[in-house]
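Participant: Encoded as structure tokens, here's the structure I'll be asking about.
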Amino acid sequence: MEFDSLINKKELVFHTAGLADKDLDVLCDVIRKTQVLESLILSCNHITLDSGKLALALSYNDTIKVLYLSQNKIGPDGAKQLASALKSNKTIEKIVMDGNQISDAGSKSMAIALMANSTLESLNLSANHIGDAGAHNLSTALKQNKTLQSLVLTMNMISEDGGQHFVDALGSNNAISLLNLGVDSTPGRARIKGPTRSKIEAILKEPKRQVKQLQAVIVAKDAKIAAKNEKIEAQREAIASKDAEIAKKDEQLGSLVAYTSAFVKSHDDPKTTAEAMAKKDDDFASLNLYSSVMMHLTDSRAEIARKNEELQSVRTYSSMYINSFDDPKKQQAEIAKKNEDLVSLNLYSSIMTGLSDNTAEIAKAKEDLISLNLYTS
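Counting in the numbering used here, the sequence shown runs from 690 upward without gaps.
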């Protein structure tokens, strides 16, 4: 199964192809992206729908009208997945899923879907182990659904009581024109007696009902036409939006071409081009020099600040030592040592003077040194 070979087909037939849920990835991708597929035949396979992949793809599809799922392994859980898709799908008109054993639980899910769906016209649930409870669920749905025209429930387990539910439902439903509950001649299957079948047939043949059915069909057709027109209008708006976007891109491209042309013409003169390049080189050189000076100045200022802190520490330390010694000899020895430290520090500051233009701060530092020397003496 290859995507490219399927994407452009209006009908896909995989009858007795041995397909299981794990084989449906490519098909699901086709269902989501196709613009032409109208009929999908998947009868007599091993599909359960339990994974939800196929149901999810159907919920996004807006082209498929006919879906055959007969004789698979769908069951109640698969029916629930399909019912979920039918709540949002707006194009499927016919579903045939006989022989899937969906039981009363599965028929309940389908009944809930029928209450929300407004496009399905034909539903075949034959041979699905549906009993009176399922019949009650489906008949209740018919009281709300106004578009389903054909419901086939042959070879199920519906009794006289289940048949009566449909008799009551037809009183408020004018859309159904075919309701087949089977005959009572199949042992263990349909057990609806003749009178109930006769009532159903009589209701379906009433002239007033048939007129209302025709009116309902016309209304449904008008709704479909309106939906198609709405879709066409949406496509037109999308195309118009794309055209506007393309026009804007063309305008931007035209501006870019004009700018490029003007730029090329302005640089046709070699002399003009050389001057422009030389100016750019000068700008870069000036920027590099400025950056270098600023980095050097920043480093020098930081170093001077650090030395000023050291000077302040020396002042404090000298003062403490002068006050702490009573012996003049000890004081003189300590002062001599501090003088040597000051001379070394003075020499370092002199060296730093040559590395920085910040003369004002250096001069202040020297004045502080002289004052400290004087104070120490």
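C-beta: ideal position from N, C-alpha, C; glycine also.
Kindly indicate the opening and closing residues of the alpha helix (DSSP H) around Leu867.
Facilitator: Working through the sequence shown from its first residue, we reach residue 867 at position 178. Note, Leu867: premise wrong, no alpha helix (DSSP H); beta strand (DSSP E) at Leu867 to Asn869.
Participant: Hey, could you find the ends of the alpha helix (DSSP H) Glu849 is sitting in?
Facilitator: The residue given as residue 849 occupies position 160 in the sequence shown. Taken as a continuous stretch (DSSP letters only), the alpha helix (DSSP H) holding Glu849 covers Glu849 to Leu859.
Participant: Could you name the residues that DSSP lists as bridge partners for Tyr757?
Facilitator: Position 68 of the sequence shown, counted from the start, is the residue given in the question as residue 757. Answer is Ile730 and Val785.
Participant: Run through DSSP, which three-state label would Glu700 get?
Facilitator: Here residue 700 is taken as the residue at index 11 of the sequence shown, counted from 1. In the structure shown, Glu700 sits in a strand (DSSP, three-state: E or B).
Participant: Ignoring anything shorter than 3 residues, give me the beta strand (DSSP E) runs that lie fully in the segment 866–945, in order along the chain.
Facilitator: Correct list: 867–869.
Participant: Can you check which of these residues, Ser796, Ala794 and Leu814, is closest to Gly788 by C-alpha distance?
Facilitator: Here residue 788 corresponds to residue number 99 of the sequence shown, with the count starting at 1. With distances taken between Cα atoms, Gly788 lies closest to Leu814.
Participant: Tell me the rounded alpha-carbon separation between Ser828 and Gln899.
Facilitator: As a first step, residue 828 is located in the sequence shown; it is residue number 139 there, counting from the start. As a first step, residue 899 is located in the sequence shown; it is residue number 210 there, counting from the start. One C-alpha to the other measures close to 19 Å.
Participant: Excluding five sequence neighbours on each side, which residues of the same chain lie with their C-beta closer than 6 Å to the C-beta of Thr843?
Facilitator: Taking the first residue of the sequence shown as 1, we reach residue 843 at position 154. So the qualifying residues of the chain are Ser815, Asn869 and Gly871.
Participant: Roughly how many whole angstroms lie between the Cα atoms of Lys699 and Ala864?
Facilitator: Taking the first residue of the sequence shown as position 1, residue 699 is located at position 10. Taking the first residue of the sequence shown as position 1, residue 864 is located at position 175. Distance between the alpha carbons of Lys699 and Ala864 is about 29 Å.
Participant: Using only alpha-carbon positions, find the residue among Asp712, Val725, Thr705 and Val946 that is nearest to Met690.
Facilitator: By one-based count along the sequence shown, residue 690 stands at place 1. Measuring from the Cα of Met690, the nearest candidate turns out to be Asp712.
Participant: By Cβ distance below 7 Å, which residues in the same chain neighbour His854 in space, the five residues on each side in sequence not counted?
Facilitator: What you label residue 854 is simply residue 165 of the sequence shown in a count that begins at 1. Contacts found: Ala824, His825 and Ser828.
Participant: Leu831 by DSSP, collapsed to three states: which one?
Facilitator: Working through the sequence shown from its first residue, we reach residue 831 at position 142. Helix.
Participant: Taking Glu895 as the reference, give the member of Asn862, Asn834 and Glu922 with the closest Cα.
Facilitator: As a working mapping, residue 895 is identified with position 206 in the sequence shown. It is Asn862 whose Cα lies nearest to the Cα of Glu895.
Participant: Measure from the alpha carbon of Ala768 to the alpha carbon of each residue in Glu1029, Ala916, Gln790 and Lys754, then state which is nearest.
Facilitator: As a working mapping, residue 768 is identified with position 79 in the sequence shown. The candidate whose alpha carbon is nearest that of Ala768 is Gln790.
Participant: What does the alpha-carbon distance come out to for the pair Ser944 and Gln924?
Facilitator: The residue labelled residue 944 in the question sits at position 255 within the sequence shown. The residue labelled residue 924 in the question sits at position 235 within the sequence shown. The straight-line gap from Cα to Cα measures roughly 30 Å.
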